[in-house]
Structures are given as C-alpha cells and as structure tokens.
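Asker: Per the working numbering: the sequence shown ends with 1160, consecutive numbering throughout.
Just so you know, even glycine gets a beta-carbon here, dropped at the ideal spot from N, CA and C.
Starting off with a structure, shown below.
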Amino acid sequence: MPTANRTPVLPIDLGRCGLDAFETPVSGVWHASSRYREESALSGFMLNLGASLGRVVSPRGGEPVQRLVPRDKDEAPPHSLSGMFGKDAFPLHTDLANSLRPPRFVILGAANASDFSARTTFAAIPRLSADDFSRVAEGIFEVRDGRRSFLGSICERNRPFFRFDTGCMYPVDERSRLAQTLFGELVSAEPSLAYLAWARGDVAIIDNWNVLHGRSAVLHAFDNRVLLRLYVEASV
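Here's what the structure looks like:
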C-alpha cells in the first residue's frame, strides 16, 4: 500500500513555541500570527521553530532563511518560479521538488504584507484511490535543477512523499503527461484549496510532502510583500 498521504502531524506543541491561536486552512498547513514584526526577530523565531521540528537545511549552501519578494522575470534567476512566471500566478508545487528527497516542512513568515499583497494558495493532496495512485505513479519525469537531472515520479509505493512541480518535472512520454494532468486535476478540486492573505508577523508551517502551494498573481505595483522561507528535514 502507498505510504504517502497519511494524516499530517507536527512533532511539537505550537503553543509552547509561542503560536497559541493557530489554524489549519487545509490539512497539513498550520498558520498563526506571531508577535514578531521586525524581520530579524521573525527570522530568529523561524530558525528556533525549525530546529524544534527537525534539521534546518540551507539549499545550495546559502543562508537558511531566504527572503522572497515579487520580481519580474528579468530580475530573477531563470530556473526559479519568478524567472518563469514573474508576477503572474505561481502554479501549485512541492518546494525543492528537484531534490532527491524534498524537505519535510517549509516555514513561511511575513516580514511585510498589506491588504494588497499576493496570497499563498494551498492544496492538500487528497487521499488517492488505488487506481488513481497507480495511474499517477506510472508517470516518469526528467527532474531538472539547472545543473543536473534525474528520473523521478510524482509518487511511489512505500515512499513517504509526493513530488510535483511542472516547472522542473518534464514528462518523458504520453503516459507520463497523462499522469501529470490527472494529478493536477485531483489536487485542484475546490474542496482541497485554501488561500492565505498574509499579515505582518504571520507564520505558516507547510507539510511539504502532502501539501502543494502556489501564489496568486501580483496585481498591484505597490505590493510590498516580503516573505521569509525556511526548510526543515524531518522523518515524521
């Protein structure tokens, strides 16, 4: 039987971490307002929160806390989502899907946001029927990160995570294209979707193995949203 898509749990008590009034917009996402409004304080809080969840990782040896701001295509690295989509909407995806094993959790924190800021979209991956799981698992993709590539799949039996990102996963044949389309339709069904309008100091923990996320289009030239992002490896 497949082991991905089990009920997401957190190995910590969020109340003890200073996040008492948290909510779950979809299964596998925990959102709360923190008392940290300054960027440096919020960054430090996220690092401590990440260390409570597992092992904080730094992609490609950079700083563990990354700063995300809306960018036009020509201002962003070509293989990033901003490089591909600019200020248009970002499709639903797994963060670091081009890693052999994507991080278990993604922590996002709003260092700045307003009523005009782009929202984050969440989609909890539904429990797939045995038939749908088999059809999705049949798809094989060339997974690229700009420097190397490997063959991978969206899901596998006895693997604890889903991997999905149309920006770096390229189907190798028609069966794989059908698997990609089917999975996209299954996760985009309205009951599985939620939208988060950020306020300064908000924090969200995402189960990156069982939840996809994206971003709405940046509609206002004065969108001042600044999100901080942290990746955490954990076995739970």
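Take Gly952 and list the residues in its own chain whose beta-carbon comes closer than 6 Å to its own, dropping the five residues that flank it on each side.
Answerer: Start at 1 with the first residue of the sequence shown, and residue 952 comes out as number 28. Hits under 6 Å: Pro932, Ala1048, Asp1131, Asn1134 and Val1135.
Asker: If we require 4 or more residues per run, which alpha helix (DSSP H) segments fall completely within the segment 980-1059?
Answerer: Runs found: 1005-1009.
Asker: What's the gap between the Cα of His955 and the Cα of Val1127?
Answerer: Position 31 of the sequence shown, counted from the first residue, corresponds to residue 955. Position 203 of the sequence shown, counted from the first residue, corresponds to residue 1127. Going from the Cα of His955 to the Cα of Val1127 covers about 6 Å.
Asker: Is it the case that the segment 1066-1078 contacts the segment 1135-1154, given that we only count it when at least three CB pairs across the two stretches are under 8 Å?
Answerer: Touching, no.
Asker: Could you check the C-alpha separation between Cys1092 and Glu962 for me, to the nearest Å?
Answerer: Within the sequence shown, numbered from 1, the residue matching residue 1092 stands at position 168. Within the sequence shown, numbered from 1, the residue matching residue 962 stands at position 38. Distance between the alpha carbons of Cys1092 and Glu962: 34 Å.
Asker: Are the beta-carbon atoms belonging to Trp1122 and Ala1054 less than 8 Å from one another?
Answerer: Taking the first residue of the sequence shown as 1, we reach residue 1122 at position 198. Taking the first residue of the sequence shown as 1, we reach residue 1054 at position 130. No.
Asker: Under DSSP, the beta strand (DSSP E) around Ser1164 begins and ends at which residues?
Answerer: The structure shown does not extend to residue 1164, since the chain is modelled only from 925 to 1160, so the question has no answer here.
Asker: Indicate the three-state DSSP secondary structure (helix, strand or coil) for Val1150 in the structure shown.
Answerer: For the purposes of this step, residue 1150 is taken as the residue at position 226 of the sequence shown. Strand, per DSSP.
Asker: Please list, in chain order, all residues of the same chain as Tyr960 whose beta carbon is under 7 Å from its beta carbon, the five residues on each side excluded.
Answerer: Position 36 of the sequence shown, counted from the start, is the residue given in the question as residue 960. Counting only Cβ-Cβ distances below 7 Å, and skipping sequence neighbours, we find Leu966, Phe969 and Gly1125.
Asker: In this structure, does DSSP put Val1156 in helix, strand or coil?
Answerer: As a first step, residue 1156 is located in the sequence shown; it is residue number 232 there, counting from the start. Strand at Val1156.
Asker: What's the gap between the Cα of Gly942 and the Cα of Ala975?
Answerer: Mapped onto the sequence shown, residue 942 falls at position 18. Mapped onto the sequence shown, residue 975 falls at position 51. One C-alpha to the other measures close to 14 Å.
Asker: Can you pull the DSSP bridge partners for Phe1065?
Answerer: In the sequence shown, the residue the question calls residue 1065 occupies position 141. Phe1065 is bridged to Gly1076 and Pro1095.
Asker: Going by Cα to Cα distance, which pick from Pro1015, Leu1005, Gly1070 and Asn1082 is closest to Val1111?
Answerer: The residue labelled residue 1111 in the question sits at position 187 within the sequence shown. Measuring from the Cα of Val1111, the nearest candidate turns out to be Pro1015.
Asker: I'd like the span of the alpha helix (DSSP H) that includes Ser957, first residue to last.
Answerer: Counting from one through the sequence shown, the residue named residue 957 turns up at place 33. Where Ser957 is concerned, there is no enclosing alpha helix (DSSP H), although the beta strand (DSSP E) it sits in stretches over Val953 to Ser957.
Asker: Please report the straight-line C-alpha distance between His1003 and Glu1109, rounded to a whole angstrom.
Answerer: Looking up residue 1003 in the sequence shown gives position 79. Looking up residue 1109 in the sequence shown gives position 185. So the alpha carbons of these two residues sit roughly 25 Å apart.
Asker: Inspect the beta-carbon positions of Thr1045 and Tyr1155 and report whether they are closer than 8 Å.
Answerer: Counted from its first residue, the sequence shown places residue 1045 at position 121. Counted from its first residue, the sequence shown places residue 1155 at position 231. Taking 8 Å as the Cβ cut-off, Thr1045 and Tyr1155 do not qualify as a contacting pair.
Asker: Taking buried to mean at least 16 other C-beta atoms within 10 Å of its own C-beta, is Gly1063 buried or exposed?
Answerer: As a first step, residue 1063 must be located in the sequence shown, where it is residue number 139. Under this definition Gly1063 is a buried residue.
Asker: CB Phe1107 to CB Ala1021, shorter than 8 Å?
Answerer: Mapped onto the sequence shown, residue 1107 falls at position 183. Mapped onto the sequence shown, residue 1021 falls at position 97. Cβ atoms of Phe1107 and Ala1021: not closer than 8 Å.
Asker: Could you pull the DSSP bridge partners for Val1173 from this structure?
Answerer: The first residue shown for the chain is 925 and the last is 1160, placing residue 1173 beyond what the model contains.
Asker: Determine, using beta carbons only, whether Ala1141 and Lys1011 come nearer to each other than 8 Å.
Answerer: Translated into the one-based positions of the sequence shown, residue 1141 becomes position 217. Translated into the one-based positions of the sequence shown, residue 1011 becomes position 87. Yes, the pair counts as a contact, with Cβ atoms nearer than the cut-off.
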